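When the letters of the sequence shown are read in order and numbered with the working numbering, they come out as residues 124 to 256. For glycine and all other residues, C-beta sits at the position ideal for the given N, C-alpha and C. Keep in mind that this is a model prediction, so the values were computed, not measured.
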Amino acid sequence: MACRITELVIDCADPQRLADFWCEVLGYVELGWEGDALEIGPPGTGFGGPQPTVVFLRSTEPKRGKLPVHFDVNPTDREQDAELERLLAAGARKVDIGQPADAPWHVLADPEGNEFCLLRRRVEVSTGHPGVR
């Protein structure tokens with residue numbers, strides 16, 4: 124037996140703002156509030172499905188900038204340049220961490236400054252079966 128990641132928890136100042144942003148980025152939907160935490164996940168699946176949910180937990184001391192763990196995202200239905208424009212329009216901003224000018228990825232930050240990377244390679248949308256892409 125093994126474990127698998129079922130949810131990712133992010134401390135933040137404004138759970139609704141980040142949930143709205145990441146729902147737009149990932150194609151997720153709001154699953155609901157529990158206390159100061161707002162959970163989002165894949166539509167029609169929710170917690171326990173093949174993709175992890177994301178929980179935004181209100182914190183008076185959220186971490187900002189470079190986190191020890193960050194998201195890497197890949198476009199699913201368009202090329203990287205078009206996806207970059209979509210993410211910037213959704214509220215992401217470009218971040219320079221000293222990456223090479225010709226890097227095959229873009230370093231971005233969400234509305235609260237949490238860094239993530241947009242990779243070049245397109246991936247298929249999950250079929251809903253664990254391990255199948």
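Subject >> Under the three-state DSSP convention, the category V148 falls into >> reply: Here residue 148 is taken as the residue at index 25 of the sequence shown, counted from 1. If DSSP states are grouped into helix, strand and coil, V148 belongs with the helices.
Subject >> Beta-bridge pairing of I163 - partner residues as DSSP gives them >> reply: As a first step, residue 163 is located in the sequence shown; it is residue number 40 there, counting from the start. Per DSSP, E153, V177.
**OP:** Please name the residue, chosen from L207, E235, V177, that lies closest to W228 on a Cα-to-Cα basis.
**Re:** For the purposes of this step, residue 228 is taken as residue 105 along the sequence shown, with counting starting at 1. Closest option to W228, Cα to Cα, is L207.
Original post:
DSSP on E130, reduced to helix/strand/coil?
Top reply: One-based indexing of the sequence shown puts residue 130 at position 7. DSSP, read as helix, strand or coil, puts E130 in strand.
Original post:
How many angstroms separate the CA atom of V177 from the CA atom of A224?
Top reply: To locate residue 177, count along the sequence shown from 1; it is residue 54. To locate residue 224, count along the sequence shown from 1; it is residue 101. When rounded, the distance between both Cα atoms is 31 Å.
Original post:
For the 8 Å Cβ check, are there 3 or more pairs between the segment 144-152 and the segment 160-178?
Top reply: Under the three-pair Cβ rule at 8 Å, the segment 144-152 counts as touching the segment 160-178.
**OP:** Provide the residue span of the beta strand (DSSP E) that contains D195, from first to last.
**Re:** Residue mapping note: residue 195 aligns to position 72 of the sequence shown, counting from 1. Counting along the chain, the beta strand (DSSP E) containing D195 begins and ends at 194-196.
Original post:
Does T168 have its Cβ less than 8 Å from a Cβ in chain C?
Top reply: In the structure shown, chain C does not exist; there is a single protein chain.
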